[in-house]
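S.K.: No gaps in the numbering here: position 498 of the sequence shown is 498 in UniProt numbering, and each next residue is one more.
Where a beta carbon is used, it is the ideal one built from N, C-alpha and C, also for glycine.
Please read these numbers as outputs of a predicted model, since none were measured by experiment.
Below is one structure. I have some questions about it.
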Amino acid sequence: MCGITGWVDYHGLGPDAETVLTRMTDTMTRRGPDGAGTWRSDIAGLGHRRLAIIDLAGGAQPMTYSPVDEDQPRLVITYSGEVYNFRELRDELRRRGHNFHTASDTEVVLRAWAEWGPAAAEKLNGIYAFAIWDTSTRTLTLVRDRLGVKPLYFRQLGSALAFGSEPKAILAQDNRRPEVDEEGIIQLMLPLLKVPGRSPYTDIGEVLPGEVVTFSANGLVRQRYWTLEETLAAPPRTNDLAEASAAVRELLDDTVRRQLVADVPLCTLLSGGLDSTAITALANAQLGDTSVRSFSIDFSAPFNRSEVTPNADSEFALDAAQFIGSEHSSIVLDGAGLADARVREECVRSRDLPFGIGDLDMSLYMLCTAIKEHSTVALSGESADEVFGGYLWFHREDAVHANTFPWMSDSPAHGRLHARIAALFRPDLRAKLGLDDYVRDQYHTAVNELSPAGSAPHEERMRSLTYLGLSRFLPTLLDRKDRLSMAAGLEVRVPFCDHRLVEYVAPLAWSLRTADGREKSVLRGAINDVIPRAVAQRRKSPYPSVPDPSYSAEVARQLGERLADPASRLHELLSPEALRVAIEPVSAPGVLISNVEAEIALNFDDWLRLYDPVLAL
């Protein structure tokens, strides 16, 4: 994993090009602490920060390719991510006459591009974002993996296009105050919803998952090489449960085997839930005589059971680790550490936006920082709930049939977080910008992207919810995991995001995915033999939030201090009444994120101070 950046300007990069390129590249030192490199011509510059995972000595970037009969480089690549089938592709390319100088997957991607051009993207299995500059055609191409695990942003201004793994790299190009337009302000109010291709920053967009973006003197061309819509286009498949479970097991075995390749220490994130336990068990089995390392998160404060959080991860994680035989460690966090203002600031800076919800960003960042002391790569269970249908909002009728995104509906299925967050913003601003209308329009746009398959109404609805979850909710989690783990210099791999698994499971009939009367029937059937019974029967529990009431009190106290500062800009966006309530310490057992209002207000305060954005108010 790494950080990539650069820009092209057909009018020339200018006299300060080297300084600007270095400045852009240095913004991503956290993503790539192991090395840096730049490449530049008169109109194109590429930058790279490296987190060394494979071929530690030979994978330096940007990397160039020159045909044997040419002295100058034909192609230059700056690449982030991992291609898990690079060994097979390297063998194929060798048969086609290519000679390799490194053992890195970067060189495989570069030579695959030289051999097949943009069609090479369809051959890649992995998580990646890369830019290739073709010196012969003077064309820049940006490519992102199918599920959008690795981020890639860009900004086109006339004859120029800048790109980066994170917006901060693009913003560093001219060091102007970033601007947020009206739609961007609405998006700041919606941390639970990802609008494909957009960012809150004016003129900064995203390469879509499964997209190739080409920029030349003739302009910008966008083309998808993979879409969820096509994956879900066919009528739902109704395989036998045993057959479907066997197929999923075969895919997971192969996926985990591929994703264990690394030249650095590797581990798994083990919460004791079905998904992370499955990955840990399969990884441990693949390693043979060596036990996989696993890590879980816990809190020093006692756990409070509730309907929202029915069980603690720690009791199940330890049971799973003992059953599997992993070398397990529990990272215990306390309220004081999580409430440290410097930790929050690091999280906001790593995400470039005030999107954190509750203490979830801080705990994940601190977990990744602790793991980094032992491992550089971790396997995680992200996306299994979206693919197999594990969330409560897949199973509560009020959420399923709501005329909106189910996790944003008026239902306890997701803690009613959307309503609580929206109420934090000034009512006049919500009305002026049409927040409710925007959510409604985005929902209908998303639903209409998926053509009807002609199945029964309930199957059709569940197919639609699968699409919504994968295209609008999962990206918020993937972005959070990427930014916070990479800020700690930790690469997190997500086996359940393998596109082959998604292509097989997502079109399965809902009746099959709940065939045993519970959620994720196919996954449970696939891995029942390698996980403890208690985990297999465990009720779904959300990512844990700190139960320490002193933490919530400290968050409220910090917010009170910020509001007393005359320089605070929170009044521009947030409701005075909501802020008055938020600074009162609360104890609300059973509520998902007890004082989310104060948490988000602090995130906004940090973001407004650090980035000083120009808001279209």
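Tell me which residue opens and which closes the alpha helix (DSSP H) that E88 is part of.
M.R.: F86 to R95
S.K.: With DSSP collapsed to three states, give me the class of F100.
M.R.: coil
S.K.: Alpha carbon to alpha carbon, how far is V400 from E183? Give it in angstroms, no decimals.
M.R.: Their backbone Cα atoms lie some 27 angstroms apart in a straight line.
S.K.: Within 10 Å of its beta-carbon, does E519 have 16 or more other beta-carbons around it, so buried, or fewer, so exposed?
M.R.: buried
S.K.: Can you tell me which of the three DSSP states S296 falls into?
M.R.: strand
S.K.: Taking contact to mean 3 or more Cβ pairs, one atom from each stretch, closer than 8 angstroms, check whether the segment 136 to 150 and the segment 473 to 484 are in contact.
M.R.: Cβ pair count under 8 angstroms is three or more, so yes.
S.K.: Is A36 buried or exposed, if buried means 16 or more other CB atoms sit within 10 Å of its CB?
M.R.: Flag for A36 reads buried.
S.K.: Spatial neighbours of R96 within its chain, please: C-beta separation below 8 angstroms, excluding the five flanking residues on both sides.
M.R.: E115
S.K.: Leaving out the 5 sequence neighbours to the left and right, which residues in its chain are closer than 7 angstroms to V20 when beta-carbon positions are compared?
M.R.: Q173
S.K.: By Cβ distance, which residues of its chain are closer than 7 angstroms to D253, with the 5 residues on each side in sequence left out?
M.R.: Excluding sequence neighbours, D253 sits near L282.
S.K.: Count the other C-beta atoms from every protein chain shown that fall within 10 angstroms of the C-beta of K194, then say buried if there are 16 or more, exposed otherwise.
M.R.: Buried: at least 16 other Cβ atoms inside 10 Å.
S.K.: Let's see if you can read the secondary structure: which residues bound the alpha helix (DSSP H) around S330?
M.R.: Not the alpha helix (DSSP H): S330 falls in the beta strand (DSSP E), residues E327 to L333.
S.K.: Alpha helix (DSSP H) containing Q286: first to last residue?
M.R.: Unbroken alpha helix (DSSP H) run through Q286: L274 to L287.
S.K.: Can you give me the Cβ contacts of G390 inside the same chain, cut-off strictly under 7 angstroms, excluding the 5 residues immediately before and after it?
M.R.: A384, E519, K520 and K540
S.K.: Mind reading off the beta-carbon distance from M28 to R50? Whole number of angstroms is fine, and I expect it under 8 angstroms.
M.R.: Wrong, their Cβ atoms sit about 10 angstroms apart, outside the cutoff.
S.K.: Would you report the Cα separation of R533 and L367, rounded to the nearest angstrom?
M.R.: Taking the straight line from one Cα to the other gives about 27 angstroms.
S.K.: Anyone know if the C-beta pair for Y299 and C267 falls short of 7 angstroms?
M.R.: One detail in the question is off: residue 299 reads as Phe in this sequence, not Tyr. No, they are not a contact pair.
S.K.: By how many angstroms is the C-alpha of T514 removed from the C-alpha of R396?
M.R.: 14 angstroms
S.K.: Does Y201 come within less than 7 angstroms of chain B when only Cβ atoms are used?
M.R.: Given the protein chain composition of this structure (a single chain), no chain B is represented.
S.K.: How long is the line joining the alpha carbons of D529 and S330, rounded to whole angstroms?
M.R.: 25 angstroms
S.K.: Does M63 come out as helix, strand or coil in the three-state DSSP assignment?
M.R.: strand
S.K.: If I follow the unbroken alpha helix (DSSP H) through A234, where does it start and stop?
M.R.: Note, A234: premise wrong, no alpha helix (DSSP H); not H, not E.
S.K.: Give me, in chain order, the residues of the same chain whose beta-carbon lies closer than 7 angstroms to that of R500; leave out the 5 immediate sequence neighbours on both sides.
M.R.: Non-local beta-carbon contacts of R500 in its own chain, meaning distances under 7 angstroms to residues more than five positions away in sequence, involve L251 in chain order.
S.K.: Leaving out five residues before and five after V180 in sequence, what residues of the same chain have Cβ atoms less than 8 angstroms from its Cβ?
M.R.: L188, P200, Y201, T202, P613, V614, L615 and A616
S.K.: Check each candidate in S363, E346 and G358 and name the one with the smallest Cα separation from V332.
M.R.: S363
S.K.: Looking at the unbroken beta strand (DSSP E) that takes in H48, where does it start and where does it end?
M.R.: A44 to R50
S.K.: Between F425 and the rest of its own chain, which residues show a CB-CB distance below 7 angstroms, the 5 nearest in sequence each way excluded?
M.R.: Here the set comprises M189, L573, L574 and S575.
S.K.: I'd like the span of the beta strand (DSSP E) that includes L124, first residue to last.
M.R.: Where L124 is concerned, there is no enclosing beta strand (DSSP E), given that its DSSP letter is neither H nor E.
S.K.: May I ask which residues mark the beginning and end of the alpha helix (DSSP H) holding D9?
M.R.: D9 -> not in any alpha helix (DSSP H); beta strand (DSSP E) instead, spanning C2 to D9.
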